[in-house]
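Undergrad:
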Amino acid sequence: MSTTHIQPLPNVRGRMSYTELGEGKKRTRNIREKTNRIAAQMGDMGTREDFIRFCSAMRRQSQGTRLNEGYELRVSWSPEELSRDSPEDIQRACEYGYALCKEVAPNAPCWVTVHTDGEGGCVHVHATIANHDLVSGTAIAHGTDHATVKRKNDRLSREMGFTVVGPEPARERTTWAERKAQFGIESFERVLGNRVADARDHASNMEEFLEELKVRGVELTETRKPGEKTGEETVGWSYKSRDPYGKSRRKRRRRASNLADDLTREGIEAYFEAKQRELEAQEQDAPAPEVLPDVPETETAAQPSADSAIDVYDLDRAYVSEMASDLQKAHIHRSREAGESFMDERYERLVEARNHPDEQLAKLREDVDAARREFYASKEARDTMQHPCPGLLAGMHVFAKAGRDAKDPVSRMMADMTALMLHMMIQEALAEERRRQREEAERRVYESRKSMWDAEKRLKAAEKALSDEDERESKAHAKTMRARYARARSASPSTPRSAGKDTQFGE
Numbered sequence: 001m002s003t004t005h006i007q008p009l010p011n012v013r014g015r016m017s018y019t020e021l022g023e024g025k026k027r028t029r030n031i032r033e034k035t036n037r038i039a040a041q042m043g044d045m046g047t048r049e050d051f052i053r054f055c056s057a058m059r060r061q062s063q064g065t066r067l068n069e070g071y072e073l074r075v076s077w078s079p080e081e082l083s084r085d086s087p088e089d090i091q092r093a094c095e096y097g098y099a100l101c102k103e104v105a106p107n108a109p110c111w112v113t114v115h116t117d118g119e120g121g122c123v124h125v126h127a128t129i130a131n132h133d134l135v136s137g138t139a140i141a142h143g144t145d146h147a148t149v150k151r152k153n154d155r156l157s158r159e160m161g162f163t164v165v166g167p168e169p170a171r172e173r174t175t176w177a178e179r180k181a182q183f184g185i186e187s188f189e190r191v192l193g194n195r196v197a198d199a200r201d202h203a204s205n206m207e208e209f210l211e212e213l214k215v216r217g218v219e220l221t222e223t224r225k226p227g228e229k230t231g232e233e234t235v236g237w238s239y240k241s242r243d244p245y246g247k248s249r250r251k252r253r254r255r256a257s258n259l260a261d262d263l264t265r266e267g268i269e270a271y272f273e274a275k276q277r278e279l280e281a282q283e284q285d286a287p288a289p290e291v292l293p294d295v296p297e298t299e300t301a302a303q304p305s306a307d308s309a310i311d312v313y314d315l316d317r318a319y320v321s322e323m324a325s326d327l328q329k330a331h332i333h334r335s336r337e338a339g340e341s342f343m344d345e346r347y348e349r350l351v352e353a354r355n356h357p358d359e360q361l362a363k364l365r366e367d368v369d370a371a372r373r374e375f376y377a378s379k380e381a382r383d384t385m386q387h388p389c390p391g392l393l394a395g396m397h398v399f400a401k402a403g404r405d406a407k408d409p410v411s412r413m414m415a416d417m418t419a420l421m422l423h424m425m426i427q428e429a430l431a432e433e434r435r436r437q438r439e440e441a442e443r444r445v446y447e448s449r450k451s452m453w454d455a456e457k458r459l460k461a462a463e464k465a466l467s468d469e470d471e472r473e474s475k476a477h478a479k480t481m482r483a484r485y486a487r488a489r490s491a492s493p494s495t496p497r498s499a500g501k502d503t504q505f506g507e
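Start counting the sequence shown at 1; every next residue gets the next number (UniProt numbering).
#1: By a C-beta neighbour count over all protein chains shown, 10 Å radius and 16 as the cutoff for buried, is residue 96 buried or exposed?
#2: In whole angstroms, what separates the C-alpha of residue 15 from that of residue 79?
#3: Check residue 11 in the structure and name its three-state DSSP category.
#4: Quick check on the burial criterion: 16 or more other C-beta atoms within 10 angstroms. Buried or exposed for residue 308?
#5: With DSSP collapsed to three states, give me the class of residue 127.
#6: Starting from the N-terminal side, write out each stretch of the beta strand (DSSP E) that is 3 residues or longer and does not extend beyond the UniProt domain "MobA/VirD2-like nuclease" (36 to 161).
#7: The beta strand (DSSP E) that contains residue 220, what's its start and end?
#8: Between 465, 100, 23, which lies nearest to residue 3 when the distance is taken from Cα to Cα?
#9: Evaluate residue 485 with the Cβ neighbour count: other Cβ atoms within 10 Å of its Cβ, from every protein chain shown; 16 or more gives buried, anything less gives exposed.
#10: Can you say whether residue 476 is buried or exposed, counting buried as having 16 or more other CB atoms within 10 angstroms of its CB?
#11: Measuring CB to CB, does residue 237 end up less than 9 Å from residue 249?
#12: By Cβ distance below 8 Å, which residues in the same chain neighbour residue 261 in space, the five residues on each side in sequence not counted?
#13: Let me confirm a value: residue 451 is counted as buried when at least 16 other C-beta atoms fall within 10 Å, else exposed. Which label applies?
#14: Suppose you measure from the CA of residue 441 to the CA of residue 447; what does that come to, to the nearest Å?
#15: Measuring alpha carbon to alpha carbon, tell me which residue in 116, 55, 24, 322 is nearest residue 137.
#16: Going by DSSP, what residues sit across from residue 485 in a beta bridge?
#17: Between the C-alpha atoms of residue 88 and residue 42, what's the straight-line distance to the nearest angstrom?
#18: Using 9 Å as the threshold, is the C-beta distance between residue 190 and residue 213 below it?
#19: Just list the alpha helix (DSSP H) runs in the region 328 to 385, keeping only unbroken ones of 4 residues or longer that don't cross its boundaries, in chain order.
#20: Taking C-alpha atoms, which residue in 113, 353, 332 lies nearest to residue 36?
#21: For residue 216, report the span of its alpha helix (DSSP H) as first-last.
#22: Name, in chain order, the residues that DSSP records as bridge partners for residue 236.
#23: If you measure from the beta carbon of residue 349 to each beta carbon in chain C, is any gap under 9 Å?
#24: Could you tell me the distance, in whole angstroms, from the CA atom of residue 487 to the CA atom of residue 478?
#25: What is the DSSP secondary structure of residue 491, counted as helix, strand or coil?
#26: By the three-class DSSP mapping on this structure, what secondary structure does residue 3 have?
#27: Considering only C-alpha positions, which residue in the set 205, 67, 185 is nearest to residue 279?
#28: Give the DSSP bridge partners of residue 242, in chain order.
#29: Closest by CA to residue 360, which one among 330, 325, 244?
#30: What does the alpha-carbon distance come out to for the pair residue 122 and residue 133?
#31: Mind checking residue 425: buried by the 16 CB within 10 Å criterion, or exposed?
#32: What do you get for residue 193, buried or exposed, if any count of 16 or more other CB atoms within 10 angstroms of its CB means buried?
#33: Which value, in whole angstroms, describes the spacing of the CA atoms of residue 81 and residue 74?
#34: Would you kindly work out how many angstroms separate the C-alpha atoms of residue 347 and residue 331, rounded to a whole number?
#35: Would you kindly report the start and end of the unbroken alpha helix (DSSP H) that includes residue 203?
#36: According to the neighbour-count rule (16 or more other Cβ atoms, all chains shown, within 10 Å of its Cβ), is residue 430 buried or exposed?
Here it is, written out as structure tokens:
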């Protein structure tokens, strides 16, 4: 009889150190005497250290998306079944631990260690499984729960001749892929089962499954009734659809359990749960997307960047060879004009570049890449300083970086602090913007008041000018009238009037 236990391992090195040396006084004694507690061991790597490094490297490669480096299975047997004094029993336990690892995770590397120094004198194994599937390249998605491990351990124990406590396992659950061959091609059961299986495969959850059934003309009926022995309520499914090969083409019904176990309610729910776990595992292993500030599409679509020529320009081997040849000729011509020998260090470098353009091309590309990096760094710094709120722009970049790397509680806490800092920077930026707007409004009020005063001054000056002109014209008119009156009096003779009313003097 064997007992099993499984636990996740965030740190494989610590657990492997325990299985090798133990802990406390036992560990101190083993280190001092240069011994260990390993009775037998086997694994998929060359050494224990290689396996430890592999588990650690796979977790680092996931960029923080994996919480565990591996899993440990512990299997123990009673002294009546396996003796710690028998080398054959120890080797048998080691092989059993390795076989159980392959049952739990067939494509993951493992390492098995056998101990015989337990308190009860029982032979037991510590089997460590790396949290990495070599076929899919992802973490182990399912099959690491205790119920699944216990079921696989019981089945493997029966196959390898160990005793198992408990009743015999129930019959193997059937699948539609296995069952449909038992029905005829034109039978109603095969047509109905194909429709249900196709609806399940094209859905990602229960709601979509029901919609897919309707599209294929299948009706689902759920029946609930209490069990005969336990009294617990049981739920059963049955499918109803039209028989295309029947004589009357009528609708017929079949219980889901009569088709296959994976088409029952429990089978469909288990299928969608497994599918969801696989999607979550793929999302965890996928690299985090880089978060960049939004850039309006109209800017890039309107016209190409002014620096696009820098990006598309690339050196070519022929260009380097041709350029070296031209420089070599120019150097010879200049040396002859100066009356000097052209066989100098510069000439040798040009000959070397002409004969080995690939090396020179690599150096030139490094120089170009360095110049490009310097250019883009200076350009980014200039754009940051030209931004109305350079501190806020830098905060946006910090917030994007923090959000991209927030995969553990500490990183999420730092992301929250960064978000709080960004919130404060936004508040400061808004306050600064309001201050600028207030100053701009005050400036406009001052300028409009000045313009109003200038207009009033111009109006008063115009009114004064008009008043002065009216006064001048009045004075000129009065002067003219006085002059005319004076001329009129001087030009006409003066005749004295008589004392009588109707006579003049001398009549």
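Each residue gets a CB set at the ideal place from its N, CA and C atoms; glycine is no exception. Computed from a prediction, not measured in an experiment: that's the story for all the values here.
TA: Answer, in terms of the structure:
#1: In the sequence shown, residue 96 corresponds to position 96, counting from 1. Answer is buried; the Cβ neighbour count reaches 16.
#2: Stepping through the sequence shown from its first residue, residue 15 is reached at position 15. Stepping through the sequence shown from its first residue, residue 79 is reached at position 79. One C-alpha to the other measures close to 25 Å.
#3: In the sequence shown, residue 11 corresponds to position 11, counting from 1. Note: residue 11 maps to coil in three-state DSSP.
#4: In the sequence shown, residue 308 corresponds to position 308, counting from 1. The pLDDT assigned to residue 308 is 43, lower than 50, so where the model puts this residue is not dependable; a value taken from the coordinates is nonetheless given after this. The Cβ neighbour count for residue 308, taken over all protein chains shown within 10 Å, is under 16; the residue is labelled exposed.
#5: Taking the first residue of the sequence shown as position 1, residue 127 is located at position 127. Strand.
#6: The UniProt domain "MobA/VirD2-like nuclease" (36 to 161) contains these whole beta strand (DSSP E) runs: 40 to 43, 70 to 77, 110 to 115, 124 to 130.
#7: As a first step, residue 220 must be located in the sequence shown, where it is residue number 220. Per DSSP, residue 220 belongs to the beta strand (DSSP E) from 219 to 226.
#8: Mapped onto the sequence shown, residue 3 falls at position 3. Looking at the Cα atoms, 100 is the closest of the given residues.
#9: By 1-based counting over the sequence shown, the position of residue 485 is 485. Its Cβ having fewer than 16 others within 10 Å, residue 485 is exposed.
#10: Translated into positions along the sequence shown, residue 476 becomes position 476. Its Cβ having fewer than 16 others within 10 Å, residue 476 is exposed.
#11: Here residue 237 refers to the residue found at position 237 when the sequence shown is read from its first residue. Here residue 249 refers to the residue found at position 249 when the sequence shown is read from its first residue. For the 9 Å CB-CB criterion, residue 237 and residue 249 do not form a contact.
#12: By one-based count along the sequence shown, residue 261 stands at place 261. These residues qualify, in order along the chain: 173, 174, 175, 267.
#13: In the sequence shown, counting from the first residue as 1, residue 451 sits at position 451. With fewer than 16 other Cβ atoms within 10 Å, it is exposed.
#14: Here residue 441 corresponds to residue number 441 of the sequence shown, with the count starting at 1. Here residue 447 corresponds to residue number 447 of the sequence shown, with the count starting at 1. Rounded to whole angstroms, residue 441 and residue 447 show a C-alpha spacing of 10 Å.
#15: On the sequence shown, residue 137 is found 137 positions in, with the first residue counted as 1. Per the Cα distances, 55.
#16: Along the sequence shown, read from residue 1 onward, the residue named residue 485 stands at position 485. Beta-bridge pairing links residue 485 to no other residue.
#17: Here residue 88 refers to the residue found at position 88 when the sequence shown is read from its first residue. Here residue 42 refers to the residue found at position 42 when the sequence shown is read from its first residue. In a straight line, the C-alpha of residue 88 is about 15 Å away from that of residue 42.
#18: Walking along the sequence shown from the start, residue 190 turns up at place 190. Walking along the sequence shown from the start, residue 213 turns up at place 213. It is not a contact, given that the beta carbons lie outside the stated cut-off.
#19: Fully enclosed alpha helix (DSSP H) runs of no fewer than 4 residues occupy 345 to 355 of the region 328 to 385, in order along the chain.
#20: In the sequence shown, the residue the question calls residue 36 occupies position 36. Closest by alpha carbon: 113.
#21: One-based indexing of the sequence shown puts residue 216 at position 216. Counting along the chain, residue 216 falls outside any alpha helix (DSSP H), and DSSP gives it neither H nor E.
#22: On the sequence shown, position 236 is the one that residue 236 refers to. Residue pairing for residue 236: DSSP places it in a beta bridge opposite 223.
#23: The structure shown contains no chain C, having only a single protein chain.
#24: Position 487 of the sequence shown, counted from the start, is the residue given in the question as residue 487. Position 478 of the sequence shown, counted from the start, is the residue given in the question as residue 478. Rounded to the nearest angstrom, the two C-alpha atoms are 14 Å apart.
#25: Taking the first residue of the sequence shown as position 1, residue 491 is located at position 491. Collapsing the DSSP output to three states places residue 491 in a helix.
#26: As a position in the sequence shown, residue 3 is number 3, starting the count at 1. DSSP, reduced to helix, strand and coil, places residue 3 within a strand of the structure shown.
#27: Counted from its first residue, the sequence shown places residue 279 at position 279. Here the closest residue by C-alpha is 205.
#28: Working through the sequence shown from its first residue, we reach residue 242 at position 242. Under the DSSP definition of a beta bridge, residue 242 partners with 251.
#29: As a working mapping, residue 360 is identified with position 360 in the sequence shown. Out of 330, 325, 244, 325 has the C-alpha closest to the C-alpha of residue 360.
#30: By one-based count along the sequence shown, residue 122 stands at place 122. By one-based count along the sequence shown, residue 133 stands at place 133. Using only the alpha carbons, I get a separation of about 32 Å.
#31: In the sequence shown, counting from the first residue as 1, residue 425 sits at position 425. Per the 10 Å Cβ criterion, buried.
#32: In the sequence shown, counting from the first residue as 1, residue 193 sits at position 193. Buried, by the Cβ-count rule.
#33: Mapped onto the sequence shown, residue 81 falls at position 81. Mapped onto the sequence shown, residue 74 falls at position 74. Near 16 Å, if we compare the C-alpha coordinates of residue 74 and residue 81.
#34: Start at 1 with the first residue of the sequence shown, and residue 347 comes out as number 347. Start at 1 with the first residue of the sequence shown, and residue 331 comes out as number 331. Rounded to whole angstroms, residue 347 to residue 331 spans 7 Å at the Cα level.
#35: Counting from 1 along the sequence shown, the entry for residue 203 is found at position 203. Run containing residue 203: none; DSSP gives neither H nor E here.
#36: Numbered from its first residue, the sequence shown carries residue 430 at position 430. It counts as exposed.
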